[in-house]
Each structure stands twice: as C-alpha cells, then as structure tokens.
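> At position 42 of the sequence shown (counting the first as 1) the number is 42 in the working numbering, and the numbers step up by one without a gap.
Don't be surprised by glycine CBs; every beta carbon is placed ideally from N, CA and C.
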Amino acid sequence: MATVIGLCLRVKLMRSLPQRYKVDIRVAPGTHATESAVNKQLNDKERVAAALENPNLVDMVDECLAPSYA
Numbered sequence: 001m002a003t004v005i006g007l008c009l010r011v012k013l014m015r016s017l018p019q020r021y022k023v024d025i026r027v028a029p030g031t032h033a034t035e036s037a038v039n040k041q042l043n044d045k046e047r048v049a050a051a052l053e054n055p056n057l058v059d060m061v062d063e064c065l066a067p068s069y070a
C-alpha cells in the first residue's frame, strides 16, 4: 500500500511541477517494514516508468488523484 500511495504522490508532483524540479519521495523512518525497498522503488525512474506502463496501476493512480466533491 505504501508503494501505491508513494506512486500517487510522485505522479501528482510530476504533473504539477516543471521538469526542472527533482522530487525525492521517502517513507518516514520506522513506519514501514520494508522502508528501504519502498524508497528505492519510488525514487528509481525506470521502476516508476514501468509502473506507469501498467494500465491497472495508471487507473488506480488516476482514481487516487481525481478530485472528490463529497
């Protein structure tokens, strides 16, 4: 779940900020059992690009970032 949340954050920032900004997403220390693996996945350009080629993940990210009017 942490990787999906992190991926949503990364995509939101990628869409919102100019390309000249470097974004580093990290899980807070001590809050996840596989903290270093999650950090590595979220900050690897190739892994993020591969994740965004998966239509199911793209749909999930888009749903996460969709405005809610509740």
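Whole angstroms is fine: what's the gap from Val61's alpha carbon to Leu42's?
Taking the first residue of the sequence shown as 1, we reach residue 61 at position 61. Taking the first residue of the sequence shown as 1, we reach residue 42 at position 42. Using only the alpha carbons, I get a separation of about 14 Å.
> Straight-line CA distance for Asp44 to Pro67?
Stepping through the sequence shown from its first residue, residue 44 is reached at position 44. Stepping through the sequence shown from its first residue, residue 67 is reached at position 67. Looking at the two C-alpha atoms, the distance is approximately 27 Å.
> Using three-state DSSP, classify Ser68 as helix, strand or coil.
Walking along the sequence shown from the start, residue 68 turns up at place 68. Here Ser68 sits in coil by DSSP.
> Sort Leu52, Asn54 and Ile25 by Cα distance to Lys40 and report the nearest one.
In the sequence shown, residue 40 corresponds to position 40, counting from 1. Out of Leu52, Asn54 and Ile25, Ile25 has the C-alpha closest to the C-alpha of Lys40.
> Is Arg10 buried or exposed, if buried means 16 or more other CB atoms sit within 10 Å of its CB?
By one-based count along the sequence shown, residue 10 stands at place 10. That one is buried.
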